[in-house]
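Report on the following structure.
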Amino acid sequence: MTPRGWAVLTLGGLVLALLVASIVLVPWSRPPAPRADQVAALGELPVDQVAHAREFRSALRPGAYGALVVGLLVALLLGLTPLGARLVELAGRPFGGHWTARAVLGGLAVVLLADLLTLPFAAWRQSVLTRYGLSTHGWSGWAVDLLKSYAVSAVIGAIALIGFYTVTRLAPRWWWAFGAAGAAGLVVLLSFVLPVLVEPVFNRFTPMEQGPLRTELMAMAARDGVPVRDVLVADASRRTKAVNAYVSGLGPTRRVVVYDTLLREATPAEVTSVVAHELGHAKDRDVWAGTLTGALGAALAVVALYLLGSWGPLLRLAGVDSVAEPRAFPLLIALVTVAGLVAAPAQALVSRRVEARADAHALALTGDPATFEAMQRRLAGVNLADPDPPRWEYLWSASHPSTVERMAAARAYAREAGR
Ligand SMILES: [Zn+2]
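Under the UniProt record's numbering, the very last position in the sequence shown is 419; numbers go up by exactly one each time.
Next comes the structure, spelled out in structure tokens:
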């Protein structure tokens, strides 16, 4: 069989594996929160709070969708015309057009150009956050964060680019196989190291101070059978008023993180409710599941790009001879951008299912639906979340159930548990 035949076979195997993983790992069977409870919950939220949140969300929309459209157009313009290939050549020219210069500098130039052209929309977003009082760090803090994120992307991007184009040179017929394995490996590696190498670039993390709350949280984790070394507090208040918590990392790098804003805004019982949700993610190994599906998706993307990239008309549009050369990188970015947009609703759906399961875990672990509901109200109030967002936006991009869905889930739980 030819390398191409093997690639088709591998693609089929990866699609199957991804399907099986999403059937087995995603909690599909959980019943949705009753709509009647959602409507009742919405009716009980202060009218002016809901109106204010909706006004804020509308103010964000033009910037968000503007960035989406411009990002897509730039990717298509660079990838499906010879302009992108020329940009890569230009970036490599000071180094005599050496392939490593084209691969790394050319690749980064393409990404940086797209970032710069969507920068006005990022600034728009920051101005809206400031106007509504959610952002606390001012324009200089915003600019520093932006430069840091460019630097982090450049380092990770350079490693990926040099690795990828070394493989395409060393194994011109089989690069897709090594590339797929490498991409999957990179996803797993990043899951491990992001919490210890990248997150500290943006925030300081300190162990939660000793006291009744910490004791309560550690006891709850022990009761839940989830070994937690520590609960870390992130200094999110230097950037935002928004409250949040999350779990990240794998094995030795796993941590539960709460924003300092959460500790400031919420009652200890509400913080406990939030951490119970995060323990749900840890207990159900959601980070592992996300990493596994991410790795399969990355491998699948490489094989699909190889197969698509042997399609003559596409190569002619991009003005390249082979998809494996650095000059074809903009074409890869264009294809990945389109695929990302198409996959977004499916990713959001899976995420909402996983989040609903963590909510159910929090309710069962704390046995306190009233506090859970109060916490959801507070989250929506402080973060200016639309408690019941427009349907299309929800289906397109919501990573979590809506506030009214989460409140309704608490009410359904309370009924069943007789509380
Ligand atoms: Zn969650």
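We treat Cβ as the ideally placed atom computed from N, Cα and C, and that holds for glycine.
Asked, Found
"CA nearest to the CA of residue 54, picked from 390, 372, 157", "390"
"Residue 251 versus residue 228 - alpha carbon distance", "11 Å"
"Pairwise C-alpha distance: residue 315 and residue 277", "48 Å"
"N- and C-terminal bounds of the beta strand (DSSP E) containing residue 232", "231-234"
"One or two residues paired with residue 125 in a DSSP bridge", "None, per the DSSP bridge assignment."
"Buried or exposed by the 16-neighbour rule on C-beta atoms within 10 Å, applied to residue 210", "exposed"
"Where residue 110 falls, given that 16 or more other Cβ within 10 Å makes a residue buried", "buried"
"Spatial distance of residue 97 from residue 165 (CA atoms)", "14 Å"
"Per DSSP, the bridge partner or partners of residue 207", "232"
"Nearest candidate by alpha-carbon position, reference residue 31, set 356, 386, 3, 384", "356"
"Spatial neighbours of residue 114 in its chain, beta-carbon cut-off 7 Å, leaving aside the 5 residues before and after", "71, 74, 75"
"Assigned exposure category for residue 280 - 16 Cβ within 10 Å defines buried", "buried"
"Cβ pair count under 8 Å reaching 3, the region 198-207 against the region 133-152", "yes"
"Contact between the region 299-317 and the region 176-194 (3+ Cβ pairs under 8 Å)", "yes"
"Closest residue to residue 265 among 125, 404, 378 (Cα-Cα distance)", "378"
"Nearest neighbour of residue 93, chosen from 306, 67, 105 [CA to CA]", "105"
"CB contact flag (residue 146, residue 240, <7 Å)", "no"
"Proximal residues to residue 283 (C-beta, below 8 Å), its chain only, five neighbours per side dropped", "224, 225, 226, 361"
"Within 7 Å, strictly: CB atoms of residue 359 and residue 415", "no"
"Length of the line joining the Cα atoms of residue 16 and residue 23", "11 Å"
"Where residue 191 falls: helix, strand or coil (DSSP)", "helix"
"Residue 26 (DSSP reduced to helix, strand or coil)", "coil"
"Contacts around residue 60, its chain only, beta-carbon distance under 7 Å, and the 5 residues preceding and following it disregarded", "125, 128"
"Proximity below 7 Å, CB of residue 10 to CB of residue 303", "yes"
"One or two residues paired with residue 240 in a DSSP bridge", "135"
"Segment limits, beta strand (DSSP E) that includes residue 248", "245-248"
"Rounded C-alpha distance that separates residue 118 from residue 337", "14 Å"
"Per-residue burial, residue 333 [other beta carbons within 10 Å of its own, 16 or more giving buried]", "buried"
"Option nearest residue 36 by Cα separation, candidates 394, 243, 388, 400", "388"
"Proximity test, residue 209 beta-carbon vs ligand 1 heavy atom, cut-off 6 Å", "no"
"Per-residue DSSP class, three states only, for residue 255", "strand"
"Cβ-heavy atom distance, residue 143 to ligand 1, below 6 Å", "no"
"Three-state class that DSSP yields for residue 451 in the structure shown", "Only positions 1 to 419 of the chain appear in the structure, and residue 451 is not among them; the question remains open."
"Cβ-heavy atom distance, residue 216 to ligand 1, below 6 Å", "no"
"Residue 279 - DSSP class collapsed to helix/strand/coil", "helix"
"Pick from 323, 107, 82 that is closest to residue 307, judged by C-alpha positions", "323"
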